[in-house]
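Peer 1: Please read through the structure below; I'll follow up with questions.
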Amino acid sequence: MGVGHVPKEPIRTPREDPLVQGRERRGTAGPRDLAAARRARGTWGENLAAAWYVRNGWRIIDRNVRHGRGEIDIIAEKNGTFAVCEVKARRNGDFGSPGEAMSPHKCRTVRLAAFGWARDNGVRTSRLRFDVALIVGNRIEVVHDAF
């Protein structure tokens, strides 16, 4: 038995288990659809934020509004003030806080989309308030006048 010897009998895994995945069973687990998981987490976070607004006396006007290049997650109204809310949800804080994802570019696109929505709906821009809903796990924090 020298270097490079290959036994003639088939190589057996230590455990012959039908539930074994990966190379032991001639293939790996199927690719996970990460985009679908992200969309599901985003929808879950938006639902949580919308419920927070309703609990606090706001009326949800619209959700997932696209205008130009931007999208507004939630538009809520209370006493003539319109809260334009961007939702940032994370499963945990391992990769930083959700607020760190609010770049100046993202703030600008949300603001431009909100101004377009206000113009189309006859709302004065002075009535707009820009909030960010930060969700980590099941905990929500809504930052008023965030940008």
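Sequential numbering from 9 applies to the sequence shown in the numbering used here.
Beta carbons: idealized from backbone N, C-alpha and C, even for Gly.
With C-beta atoms as the reference, is L136 less than 8 Å away from G78?
Peer 2: Contact: no.
Peer 1: Taking the C-alpha atoms as reference points, what is the distance between Q72 and K86?
Peer 2: With the sequence shown as reference, residue 72 is identified as Asn, and Gln is not the correct amino acid for it. Cα-Cα distance, rounded: 19 Å.
Peer 1: For R74, which residues of its own chain have a beta-carbon under 7 Å away from its beta-carbon, when the five flanking residues on both sides are left out?
Peer 2: Around R74: no qualifying Cβ.
Peer 1: Would you mind reading off the limits of the alpha helix (DSSP H) that contains D128?
Peer 2: Per DSSP, D128 belongs to the alpha helix (DSSP H) from P112 to N129.
Peer 1: Take the Cβ of G53 as the centre, count every other Cβ of all protein chains shown within 10 Å, and call the residue buried at 16 or more, exposed below.
Peer 2: Buried, by the Cβ-count rule.
Peer 1: Between which two residues does the beta strand (DSSP E) containing T89 stretch?
Peer 2: It spans T89 to R98 - the beta strand (DSSP E) in which T89 sits, taken as one unbroken run.
Peer 1: Is it right to say P112 is buried, meaning 16 or more other beta carbons lie within 10 angstroms of its own, or is it exposed?
Peer 2: When all chains shown are included, P112 counts as exposed.
Peer 1: Assess, as a yes-or-no matter, whether the region 55-70 is touched by the region 98-116 under the definition of 3 or more beta carbon pairs within less than 8 Å.
Peer 2: Result no; under three Cβ-Cβ pairs closer than 8 Å.
Peer 1: Can you tell me the Cβ-Cβ gap for V92 and V118, rounded? I've got them flagged as a contact below 8 Å.
Peer 2: Between V118 and V92 the Cβ distance is about 7 Å, and since that is below 8 Å, they are a contact.
Peer 1: I believe G107 touches K96 by the beta-carbon criterion, under 8 Å. Please report the beta-carbon distance rounded to the nearest angstrom.
Peer 2: The Cβ separation is near 7 Å, so the contact holds.
Peer 1: Report buried or exposed for L142, applying the criterion of at least 16 other Cβ atoms within 10 angstroms of its Cβ.
Peer 2: Buried: at least 16 other Cβ atoms inside 10 Å.
Peer 1: Does DSSP put R132 in a helix, a strand or coil?
Peer 2: It is coil, neither helix nor strand.
Peer 1: Kindly give me the distance between the Cβ atoms of R98 and V151, rounded to whole angstroms, as I take these residues to be in contact under 8 Å.
Peer 2: About 15 Å separates the two Cβ atoms, so there is no contact after all.
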